[in-house]
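Numbering-wise, the numbering used here puts 176 at position 102 of the sequence shown, and it's gapless, one number per residue. Glycine is no exception: its CB is placed at the ideal position from the N, C-alpha and C atoms. Take a look at the structure set out below.
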Amino acid sequence: MRLALTFCLLASTATAQTCGGNVNSFIEGVKIEARATGIPAATVDQFFQGAQIDQSVLRADRAQGVFQKDFISFSRALISQNRIDNGRIYGNRYDATFNEIERRFGISRGVLLAFWAFETDYGQVQGSFNTRNALLTLAHDCRRPELFRPQLIAAIELFRRGGMDPQRTTGAWAGEIGQLQKLPREIVRQGMDGDGDGVVDLKNSAPDALMTGANVLSSLGWRANEPWLQEVNVPANLDWSQTGLNHKFSVSDWARRGVTARQGSLGPANLQASILLPMGRNGPAFLAYPNFDVYFDWNKSFVYVTTAAYFATRLGGAPVYNAGNPSAPLSGAQMQQLQQKLTARGHDVGGIDGILGAMTRAAVQAEQVRLGLPADAWPTLDLLGRL
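Written as structure tokens, this is what we have:
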């Protein structure tokens, strides 16, 4: 009785250790949780043999300064002629797979080609971090345990199914696997055999990776055969306070306000859409349709999402965007000062990280309205000074 009680207390303590602390105790807690899902104890123990914290994963997690870049700088860095040319080559090579994706899910090939290019350069650079150790490290770290602990449990299940080798499977520093860099829970739930060999292999099979990526997007709410992003011309007298992802109107409403397509015609009149000005009223302008919101479930970075969505349109034949003449972006340090000032005024900017994300943009726009400035959500030195 005393031994049983002692085990229960230890199990409860280990399970309660959601992050941090002694690594061995943390692993014991994860083991208990994994066994509770029905995974055999021997499988769980085998998964963790030789597991260790990887400090290089933590360094990579803390060094994401690239997302502090503005849209024009970021997109020009990621979109190269080589990636455009290879997009055409790989689109033709896997034409049958893309046709099946378009038939089954209603997702344009440009969408998946753009992700494929940005994530791994069409499968060529998939990452060299041990996936098991990366997930253990991020689950143990107390920055985002609510995201990575479930992924660690899913990785054990993936191992049970023969979908990964804890000793040898490698990928990105954040635990993503394969040519489209998907996390274990997505592979367990949405993994698909795209080449018909009876195995889901996202590292070595492009059809498997592409079909799985399409299934993930569909499960996140992708609306079949609808647009996601379109470059537009906006009138100089547009009410800027009604722009941004937090304001949605029908396409017909935007047309009545003078918004026109830069190429072709606007999407269906009844679709809800937002005017997206990634660098303010003097920079590029896009109409963001409902499918654009799905991108944020793939990646949380505003600048990455906007660039990936735009690149998908480029791969579909859209022209290079009109860069305009936006005012210079704030530096990372200046952006942090701005976020501190916005936070002091009661706005939730999602953290002082120097990144102009969706929450910071909404706060900037609210302050621009209050101060009587053009409310295009693009922060300037003038705004920083006034705050």
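In the DSSP assignment, Phe-203 forms a beta bridge with Gly-245. Within the same chain, and ignoring the five residues on either side of Ile-227 in sequence, the residues whose Cβ sits closer than 8 angstroms to its Cβ are Val-104, Glu-107, Ala-108 and Thr-111. At the C-beta level, Leu-254 and Thr-387 stay beyond 8 angstroms of one another. Within the same chain, and ignoring the five residues on either side of Gly-341 in sequence, the residues whose Cβ sits closer than 8 angstroms to its Cβ are Glu-300, Pro-301, Gln-304, Val-325, Ala-347, Leu-361 and Tyr-363.
The C-alpha of Gly-318 is placed about 15 angstroms away from the C-alpha of Asp-327.
Shown here, Thr-454 sits in coil according to DSSP, grouped into three states, outside any helix or strand. Contact between Ser-279 and Val-443 is absent: CB atoms are separated by about 51 angstroms, not below the 8 angstroms threshold. Excluding the 5 residues flanking it on each side, Pro-114 has same chain C-beta neighbours closer than 8 angstroms at Arg-234, in chain order.
Note that the C-beta distance between Gly-252 and Gly-390 is not below 8 angstroms. Excluding the 5 residues flanking it on each side, Ser-375 has same chain C-beta neighbours closer than 6 angstroms at Phe-141, in chain order. Separation of Ala-151 and Phe-145 (C-alpha to C-alpha, rounded to the nearest whole angstrom) is 10 angstroms. Excluding five sequence positions before and after Ala-343, the CB atoms of its chain that fall closer than 6 angstroms to its own CB belong to Val-325 and Ser-326, given in chain order. Nearest Cα to Ile-127 within the set Ser-147, Trp-190 and Ala-213: Ala-213. Excluding sequence positions up to five before and after Pro-224, its CB lies within less than 8 angstroms of the CB of Arg-259, all in the same chain and listed in chain order.
In terms of Cα proximity to Asp-119, the closest of Asn-98, Val-273 and Ala-134 is Asn-98. For Thr-334, the pairing in a beta bridge is given by DSSP as Asn-307. In the DSSP secondary-structure assignment, Lys-256 is bridged to Ile-251. Annotation: Ala-362 is outside any alpha helix (DSSP H); the continuous beta strand (DSSP E) that includes it extends over 360 to 362. Pairing Ala-392 with Asn-307 gives a Cβ-Cβ distance that is not under 8 angstroms. Within the same chain, Cβ atoms closer than 6 angstroms to the Cβ of Asn-399 are found at Asn-356, the five residues on either side in sequence being excluded. The segment 158 to 227 contains no complete beta strand (DSSP E) run of 3 or more residues.
Looking only at Ala-382, Gly-265 and Val-274, the smallest Cα-Cα distance to Ala-288 is reached by Gly-265.
Contact between Lys-277 and Gln-200 holds: CB atoms are separated by about 6 angstroms, below the 8 angstroms threshold.
Scanning the segment 419 to 448 for uninterrupted alpha helix (DSSP H) segments of 4 residues or longer gives 432 to 445, listed from N- to C-terminal end. Looking from the CA of Val-438, the closest CA among Gly-95, Gly-165, Leu-458 and Leu-232 belongs to Leu-458. Under DSSP, Leu-291 shares a beta bridge with no residue. Of all alpha-carbon atoms in Gln-198, Phe-370, Asp-239 and Leu-294, the one lying nearest the alpha-carbon of Phe-179 is that of Leu-294. Within a 10 Å sphere around the beta-carbon of Thr-334 sit fewer than 16 other beta-carbons, which makes this residue exposed.
Put simply, of Lys-415, Arg-435, Phe-385 and Ala-134 the residue whose alpha carbon is nearest the alpha carbon of Arg-162 is Phe-385. Sequence-distant Cβ neighbours of Pro-453 in its own chain, meaning closer than 6 angstroms and more than five residues away, are Leu-404, Leu-412 and Val-438.
In this structure, Arg-460 sits near Leu-445, with a CB-CB distance shorter than 8 angstroms. Restricting attention to Trp-372, Thr-380 and Asn-373, the CA atom closest to the CA of Ile-349 is found in Thr-380.
Counting only the Cα atoms, Leu-187 lies some 8 angstroms from Tyr-196. Per DSSP, Ile-261 has no beta-bridge partner at all.
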